[in-house]
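Chains as they are written, first to last, in our numbering: chain A, 215 to 557; chain B, 215 to 557.
Report on the structure given below.
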DNA sequence: TTGAAAGCGGTACCAC
DNA sequence: GTGGTACCGCTTTCAA
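Rendered as structure tokens:
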């Protein structure tokens with residue numbers, strides 16, 4: 215053991231240190247560490263003993279660099295604290311872990327600029343692939359992604375430009391199931407409180423609502439109010455629509471947040487309105503009456519996206535594909551026809 | 215441009231490629247890329263032009279290796295989809311991003327074995343530091359952490375062995391505030407539905423409950439039921455405790471999940487019990503009556519842990535410190551004294 | 001079965 | 001100002 219190796223060992227032993235101690239070459243240490251065949255058992259044993267004694271741990275950074283792969287994928291979303299995204303994150307991480315990969319998660323906070331910066335940083339780190347819930351449809355980082363050849367999968371919303379693998383939710387089907395459910399329970403005058411039309415998903419759901427309403431032959435022009443909403447604005451609009459000769463008897467919301475705003479508004483109004491919310495939420499069962507919802511499955515979407523990404527990493531060269539994940543109507547009661555006396 | 219560089223450029227240009235094209239040394243390219251001073255403006259401009267033309271992007275893996283730092287920290291929790299952890303995750307990621315670091319998140323799924331494997335993999339990757347919500351108190355990966363010298367911060371629960379930086383929540387204060395609130399509203403017979411005593415936090419809260427009950431001079435032996443719970447088991451216990459000569463009039467829960475089980479049980483029982491839940495939840499406002507809770511601030515805890523970690527990365531060598539984060543009682547109404555006629 | 005040497009793509013150090 | 005070169009710690013290649 216030289217003075218040098220002695221010193222280095224104290225900090226972080228390398229394969230060279232192990233090799234010196236075990237009187238073998240670095241290559242042999244490498245073989246042992248990576249369980250490569252072709253090492254005599256006793257040699258391997260000796261090397262393993264030294265590894266153990268010195269507390270050697272392979273420096274994966276060096277390995278990645280030489281191999282040109284990082285065994286890392288990344289997930290870029292708007293806000294990791296949002297349940298929709300955190301469920302996606304958990305699913306993607308799981309798929310990564312199963313395949314011995316690690317996951318870098320990053321928030322873009324809804325800003326295309328930040329999203330681009332984040333994605334470029336990830337490319338510089340040579341992550342093997344990226345899953346992105348894009349901030350908008352502009353594909354802000356398209357050029358960088360293109361040049362880097364880094365496989366990317368988009369989720370929840372499509373982006374313009376070069377077609378890429380994309381996992382969407384069936385917004386049309388989700389809204390249709392909501393409308394049909396309400397109609398089946400006798401509703402004819404249904405309103406939609408959608409999200410800000412700046413969001414692609416919000417526009418999709420609005421279109422689906424209008425189309426379904428027409429295809430079912432419901433009377434009158436569709437009543438649609440797009441966000442952003444507050445409980446107050448919702449209350450106002452609701453009052454308007456329920457005090458006509460053709461009062462709205464049921465409401466569909468465009469997402470989670472709006473469902474909550476609506477529940478608050480309904481509580482104040484004390485009006486017997488039926489409701490189907492978009493997005494499931496934890497306490498839907500505990501509200502009175504329990505809230506019927508269109509359930510998107512973020513975990514399934516995340517899993518699907520990760521699987522698509524790993525297929526690319528394994529060499530799948532087929533054309534970019536878009537997958538639309540089904541939604542599920544969870545009936546809990548709030549969609550039933552309700553009389554004033556119910557409350 | 216040689217044939218070699220021609221080929222390489224098509225894949226991924228390196229500093230050597232840029233240097234050759236710009237007729238400067240690699241070192242000069244490095245200087246330009248890193249905005250180091252001491253490069254003539256026109257040289258820098260020429261280099262930048264080539265960088266642009268070739269689409270060069272620095273390989274951060276190589277840089278990290280040379281510098282011995284990865285500009286990466288990691289977060290290990292039980293389940294990324296759990297709101298408590300995902301809020302921590304969002305906060306930690308934010309602190310990392312502000313400091314130009316990236317965050318690797320990993321789930322240990324509550325298994326100490328998996329946790330150890332995950333942490334060792336992170337150490338092998340030479341992450342600069344790790345934040346861990348440990349699966350148990352065993353500090354399963356302590357030896358590896360010790361040897362690797364990787365800074366680590368524990369959250370929510372302490373671990374045995376070598377003292378390390380730890381961020382805890384004030385379980386005692388949280389429970390005390392809940393009990394005091396109920397007592398202030400006239401309750402004298404209060405019960406606790408705690409979580410599985412296998413969890414350190416659950417035991418802490420139980421102890422706090424018993425201690426507070428005694429210090430306030432409440433009558434009788436403390437009524438405590440530790441988990442795991444189901445709505446059915448909760449209902450059974452509640453029935454027992456409310457049908458004595460000294461009926462329980464208020465309940466404190468040990469966490470989020472139990473609060474929900476309790477709400478379901480209460481709905482079935484239709485008994486006028488007051489309630490203070492541990493952990494805030496999104497729709498606490500919408501339940502009838504709105505649920506008063508002890509709010510832990512996972513975002514603040516995550517932020518604090520990340521800040522402590524970065525202090526270490528910046529060279530803070532002071533002794534390991536434990537920080538206890540305060541909780542906040544969010545009064546919403548369910549803690550008030552309720553008569554049978556209220557429902 | 002084993003090892004020597006050349007890289008992977010940058011940065012650090014020191015000449016010029 | 002600029003460049004040469006060793007080197008981070010491992011894998012790859014090829015020879016012995």
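Don't be surprised by glycine CBs; every beta carbon is placed ideally from N, CA and C.
Within the model, the alpha-carbon separation for residue 507/A versus residue 269/A is close to 54 Å. Residues of chain A whose Cβ lies closer than 9 Å to the Cβ of residue 318/B are, in chain order, 286, 316, 317, 318 and 319. Taking a C-beta cut-off of 7 Å against chain A, the contacting residues of the segment 293–307 of chain B are 293, 294, 295, 297, 300, 301, 303, 304 and 307, listed in chain order. Taking a C-beta cut-off of 8 Å against chain B, the contacting residues of the segment 468–486 of chain A are 474, 477, 478 and 481, listed in chain order. In this structure, the beta-carbon distance from residue 471/B to residue 509/B does not fall below 9 Å. In the DSSP annotation of this structure, the continuous segment of the beta strand (DSSP E) that includes residue 405/B starts and ends at 404–408. Proximity of residue 515/B to chain A, defined by a Cβ-Cβ separation below 9 Å, is not satisfied. Counting only residues of its own chain and dropping the five nearest sequence neighbours on each side, residue 539/B has a CB closer than 8 Å to the CB of 381, 382, 383, 384, 510, 511, 514, 515 and 518. For residue 316/A, there is no enclosing alpha helix (DSSP H); the residue is found in the beta strand (DSSP E) stretching over 316–321. The beta carbon of residue 474/A sits closer than 7 Å to no other beta carbon from its chain once the five residues preceding and following it are set aside. Within the segment 223–240 of chain A, not one residue has a Cβ closer than 7 Å to any Cβ of chain B. Ranked by Cα distance from residue 412/A, the first of 420/A, 406/A and 285/A is 420/A.
Taken in chain order, the members of the segment 265–280 of chain B whose beta-carbon sits within less than 7 Å of a beta-carbon on chain A are 269, 271, 272, 273, 274, 275, 276, 278 and 279. With respect to the C-alpha of residue 404/A, the residue from 424/A, 415/A and 317/A having the closest C-alpha is 424/A.
Between residue 331/A and the set 358/A, 350/A and 307/A, the nearest pair of CA atoms involves 358/A. DSSP places residue 284/B in the coil class of the three-state scheme, outside both helix and strand. Excluding sequence positions up to five before and after residue 239/B, its CB lies within less than 8 Å of the CB of 233, all in the same chain and listed in chain order. Taking a Cβ-Cβ threshold of 7 Å, none of the residues of chain A is close to residue 419/B; the smallest such distance is about 22 Å. Counting along the chain, residue 256/A sits inside the alpha helix (DSSP H) bounded by residues 255–268. In terms of Cβ geometry, residue 371/B and residue 406/B do not form a close pair [threshold 9 Å]. Residue 375/A sits in coil when the DSSP states are folded into three classes, being neither helix nor strand. Residue 494/A is classed as buried because its beta carbon has at least 16 other beta carbons within 10 Å across all chains shown. Between the segment 254–270 of chain B and the segment 259–278 of chain A, the count of Cβ pairs shorter than 8 Å is below three; the stretches do not touch. If one requires a minimum length of 4 residues, the alpha helix (DSSP H) runs lying completely within the segment 436–503 of chain B are 445–456 and 470–483, in chain order. The alpha carbon of residue 373/A has as its nearest neighbour, out of 523/A, 414/A and 364/A, the alpha carbon of 414/A.
About 6 Å separates the Cβ atoms of residue 290/A and residue 322/A, confirming a contact at the 8 Å cut-off. With contacts defined by Cβ atoms closer than 9 Å, residue 249/A and residue 285/A do not form a contacting pair. Under the Cβ distance rule, residue 496/B counts among the residues neighbouring chain A, one pair being separated by less than 9 Å. Distance check between residue 488/B and each of 482/B, 498/B and 505/B places 505/B closest, using alpha-carbon atoms only. Contact between residue 325/A and residue 349/A holds: their C-beta atoms lie close to 6 Å from each other, under 8 Å. Residue-level contact check: residue 362/A touches chain B, since one or more beta carbons of chain B fall below 9 Å from its beta carbon.
If you draw a 10 Å sphere on the C-beta of residue 327/A, you find fewer than 16 other C-beta atoms in it, and that means exposed. According to the DSSP assignment, residue 538/A belongs to the beta strand (DSSP E) that extends over 536–539.
Any Cβ of chain A closer than 9 Å to the Cβ of residue 337/B would place that residue at the interface, and such an atom is present. Measuring C-alpha to C-alpha distances from residue 231/A to each of 254/A, 259/A, 376/A and 272/A identifies 272/A as the nearest. Distance from the CA of residue 401/A to the CA of residue 301/A, rounded to the nearest whole angstrom, comes to 34 Å.
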